[in-house]
Structure formats: structure tokens, C-alpha cells
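*Asks:*
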Amino acid sequence: MRRSPAERAAIARAKARLDRLEWYPRPVRTERVRILCVPWLFRLPWFGRFDGYTMWDWIFLRRPLHAGSSEDLLCHELCHVWQMQHHPVRMPLSFVRHGYEGNRYELEARRATRASTVRENEKPGEVPPSMA
Ligand SMILES: [Zn+2]
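To convert, note that position 13 of the sequence shown is 12 in numbering that gives the first Met the number 0; the numbers rise steadily by one, no gaps.
1. Locate the beta strand (DSSP E) running through L60, then write down its first and last residues.
2. Since Q84 and R28 are thought to touch, with beta carbons under 8 Å apart, how far apart are those beta carbons, to the nearest angstrom?
3. Taking only the alpha-carbon atoms, compute the straight-line gap between V95 and G101 and give it to the nearest angstrom.
4. Identify every residue that forms a DSSP beta bridge with L165.
5. Determine the direct distance from the alpha carbon of E6 to that of H65, and round the result to whole angstroms.
6. Rounded to whole angstroms, how far is the Cβ of L17 from the Cβ of L77, which I believe are closer than 8 Å?
7. Please classify Y99 as buried or exposed, where buried requires at least 16 other C-beta atoms within 10 Å of its C-beta.
8. Going by CA-CA distance only, name the one from R31, C74 and A8 that's closest to D56.
9. Should R137 be counted as a contact of ligand 1 given a C-beta to heavy atom distance under 8 Å?
10. Throw me the rounded Cβ distance for the R2 and R33 pair, which I believe falls under 8 Å.
11. If you reduce the DSSP assignment to three classes, tell me which class R33 lands in.
12. Around the Cβ of M90, are there at least 16 other Cβ atoms within 10 angstroms (buried) or fewer (exposed)?
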């Protein structure tokens, strides 16, 4: 399955936001990242509370990009990809052991979205149309 141009562009925009943060030794690698819209997944009990869910290089979304899934959500999920590339065992395990509330990786992903949004707002001309 090949990535569509829209999918590639959305991933590149989210990556550009994360690259500016420099929180990990290496920038997030996105060559293998896929965005998959799978509404049925989010009807399952564990997934019901999420709008996006990341497993290694797969980002699952409840709603299609630009039809219910925001740039911020994608940035948040790509931050989880980034975390997993640096902590492939510790990061997913932390959610099993400690849950979501107060989880340091979850908080960090929320911070990543907020931090990069503020920076983009400082340069309004560079904000992608979907964020305006
Ligand atoms: Zn999250």
C-alpha cells in the first residue's frame, strides 16, 4: 500500500513541527509511517476513548485527515512515533503499567502539540490552511 500525496504531506507537516523541538537525540523518522483511518477500531472497548492511536509506525485515526482529524492530533500521534523510536519497549510498556492519566509520554505528546502550535502562531503566514 503506497502513501498518498496528501498523507505524505500531512506527515511532513507534523514532522516539521516536531523537528523544531529537539527533545530527542534524533529527529523522528517518517519513511515508514502510515496513517490509517480505521473507524471500526475505535468502536472496540479499549479504543473507544481515543481519536487516534499509534503502534510503532502506524497511526490509526478514527476520522479521515481533514474530515474530523486535526493537524494537532496527527502531531500528537507522530510524537508517540518519535518516542517509540527512542524507547521502543519502555514507552509502550509505560501505558500498560501506569495508564494514560499523568503518563509522561502522554503529557509530552500534548506538550509537543502545544509548543509547536504557539511557534506557528508567531509566524501566521506559515500556518497551514487547515490550522487557521
Ligand atoms: Zn497520546
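Beta carbons are placed, not taken as given, at the ideal position from N, Cα and C, and that holds for glycine.
*Replies:* On the basis of the data shown:
1. W57 to L60
2. 6 Å
3. 13 Å
4. The chain is shown from 0 up to 131; residue 165 falls before or after that span and cannot be answered.
5. 11 Å
6. 6 Å
7. exposed
8. R31
9. Beyond the ends of the chain as shown, which are 0 and 131, falls residue 137; an answer cannot be given.
10. 7 Å
11. strand
12. buried
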